[in-house]
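Here is the structure we will look at.
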Amino acid sequence: MAICLFWTVTACSGLADDVKGMPGVVDVKVTEADGDDLGRPAKLVAVTMRDDATAEQIESVLAEYDEERAGQSVQLVTVTLEGLASSSLSIGQTATRTTESVATLLAVAKEPDVEGIELEVSAEDLDARIDMRAGGLNRVDAMVTRYWDELAATTDSMSRATLIVQADGFLIARDKGSDESLRAKVAVAEKVDRNQPLVGVQISRSQLELRVRSDAEKIAVRQIVRRTPSAESVGRVRVVTESVDLSDAAGRLRETARRVVNKIRHDEYFRFARIEGDELHIGAANMEEALTLEGYFGTGIDPVHRPIAVRFVLDGGSDFGKLAGVNFHLYTASALSEQDEWSRFSVTTRGSGRTAQVDVVARPGVTYGDAAEALAALGAASTVTWTDDRPEITLTPAGPDWREVAIEGDVSDQQRADIIAGWSQGAD
C-alpha cells in the first residue's frame with residue numbers, strides 16, 4: 345500500500361529529470377490526465393519515494409516542479425510513499441506548503457483506521473478530508489475533534505478552513521466558525537442513534553441529515569427527533585432513506601465500490617449506487633450533475649475508481665461508464681448530451697484516445713446525414729439505432745486523418761452517400 349501526495353501545478357519542463365536522483369526518489373512516471381480525449385490532455389507526474397521519505401524530502405520534490413517555467417502543461421504531481429497506509433494527500437495549485445501540514449497528514453496516514461486523506465491548501469484556505477475504513481458516529485466525532493486540533497498550527501492564520509471526516513455513511517464537517525451549532529447537532533444525532541441505529545449522518549454547522557434503511561425506520565427516527573427538546577435548536581433535521589446497496593459485490597469490487605461511493609454519497613446530486621454484474625452504477629439526474637459527482641474521484645494516475653468498472657445512469661435512460669483499469673474520458677458523453685439528435689445514449693470508455701464504445705438512439709426524423717454529421721466529431725465508433733424500422737448502422741472513423749468513415753449495416757447507395765456527406769461536414 346502507499347501514501348500519495350497530490351500537488352497541482354500549471355507548468356513544468358524536464359518532467360521526470362527534475363527529480364530523479366533526489367533523496368528518497370525511487371521512480372518517476374508521466375501520463376495523461378482525464379478529460380478531452382480529442383484535445384491535448386494535461387500531463388500527470390507520478391513520483392515514487394521510499395517509505396521512510398521525510399516531509400522535508402517531499403517538500404523538496406514538489407519545489408522542483410514549482411520552479412519549472414517551460415510551456416508544457418502539468419495538471420498534477422503525485423508523490424507516492426511505498427509501504428504505508430493507502431492514502432492520498434491532495435494539495436491545490438495555489439498552496440502554501442508547510443512542513444507542519446505535511447507532517448501532520450503523514451502522521452494521520454499511519455493510523456490503522458485511516459484509508460484516505462486529501463488536503464487542499466492555499467495562503468488563506470484549507471480543505472482537509474479524512475476517510476476511515478470503519479467507525480460509527482462517535483468514532484468520526486472523535487477524529488474530527490482530534491485532528492482539528494492537530495491542524496490548528498496551519499489553520500489559525502487562515503480565513504477559511506474545513507475538516508471533513510467520514511466513515512462510510514457517517515460524515516462530520518467542521519469549519520473555523522463557532523462549533524456550538526455543530527456540537528448541538530452531534531448531540532441530537534447521538535441520541536437518535538442510541539434509540540434507533542442509523543446507517544449514516546451528515547453533520548455540519550448548517551446541516552443535520554440522518555440516514556436510515558427503510559421508510560419504517562424513517563418514521564421511527566422522526567418520532568424520536570420530535571420527542572427530543574434540544575432538536576428544536578438545531579433547525580431542520582432531514583431524515584433520508586439510504587440509497588446505497590453494494591450487497592451483490594465481493595472482494596476488490598466491493599471494497600473499491602465502497603470507497604468510490606463514499607466520495608459522493610453525501611452530495612445533493614447523488615441518487616443511488618448499486619452493483620450490476622461487475623459494474624458499479626451511480627444515479628444522477630443529468631449530465632451536469634453526473635460530471636459534478638465524477639469530479640470527486642480525483643484525476644491522478646491512479647484515481648480511486650480506476651480498478652473497477654463504473655457507470656453513471658441518468659434520468660431518461662442515458663448512461664456513460666468506463667471499464668476496469670482505465671480512467672474516464674468525458675468528452676464523448678458530454679458532447680452527446682448536448683446534441684439534439686439522440687433520445688438517449690450509452691458510452692463506455694475502453695482505454696485512452698479513440699477507444700470509446702458509443703450507442704445512440706436517434707430521435708424521430710433524424711436522417712442518415714444528420715446522424716453522421718453529429719457523430720463525426722466524437723472520434724469513436726458509434727452504433728445508431730432508429731425509432732422507425734431502419735436497420736442499425738455502425739459508423740467508425742477511418743483514413744489516416746480519421747476524416748473518412750467506415751460504414752457497417754444494410755444501407756442503400758443513396759443512404760451511404762448521405763452518411764459520407766454528413767460525416768464530411770461534421771469532421772470539418
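So the number in this note's numbering is just where the residue sits in the sequence shown, counting from 1, plus 344.
From the three backbone atoms N, C-alpha and C, an ideal C-beta is built for every residue, glycine too.
Looking at Gln546, Ala486, Arg615, Leu542, the one whose alpha-carbon comes closest to that of Glu561 is Leu542.
Looking only at Arg747, Arg555, Thr729, the smallest Cα-Cα distance to Arg609 is reached by Arg555. One thing to note: Thr506 has its Cβ within 9 Å of the Cβ of Asp519. Proximity of the segment 567-581 to the segment 608-626 falls short of the contact definition, fewer than three beta-carbon pairs being nearer than 8 Å.
Judged by DSSP in its simplified three-state form, Lys607 adopts helix. Val370 sits close to Glu426, with the two beta carbons spaced by under 9 Å.
Per the C-alpha coordinates, the member of Arg566, Thr729, Val710, Gly713 positioned closest to Val702 is Thr729. Under the three-pair Cβ rule at 8 Å, the segment 480-487 counts as touching the segment 523-542. By a beta-carbon distance limit of 8 Å, Phe656 does not contact Ala679. Their separation comes to about 15 Å.
In terms of Cβ geometry, Gly479 and Asp500 do not form a close pair [threshold 9 Å]. Gly368 sits buried, since 16 or more C-beta atoms from the chains shown fall within 10 Å of its C-beta. For the 9 Å CB-CB criterion, Ala718 and Glu685 form a contact. With a cutoff of 9 Å on beta-carbon distance, Leu526 and Arg549 are scored as near each other. DSSP places Arg483 in the helix class (H, G or I) of the three-state scheme. Taking C-beta atoms as the reference points, Glu468 and Ser503 count as a pair closer than 9 Å.
For Ala511, the closest C-alpha among the options Val569, Gln540, Leu552, Asn606 is that of Asn606. Between the alpha carbons of Arg650 and Val446 lies a gap of roughly 26 Å. Burial check for Pro647: the Cβ neighbour count within 10 Å reaches 16 or more, so the residue is buried. The alpha carbon of Val452 has as its nearest neighbour, out of Ala601, Glu620, Leu495, the alpha carbon of Leu495. By the beta-carbon neighbour count (other beta carbons within 10 angstroms, threshold 16), Asp475 is buried. For Phe514, the closest C-alpha among the options Ile508, Leu481, Asp523, Trp492 is that of Leu481. Around the beta carbon of Thr448, 16 or more other beta carbons lie within 10 angstroms, which makes this residue buried.
Within the segment 457-531, the complete beta strand (DSSP E) runs of at least 3 residues fall at 458-465, 469-476, 504-511, 514-519. Listed in chain order, the beta strand (DSSP E) elements of length 3 or more contained wholly in the segment 715-765 are 726-729, 737-742, 748-752.
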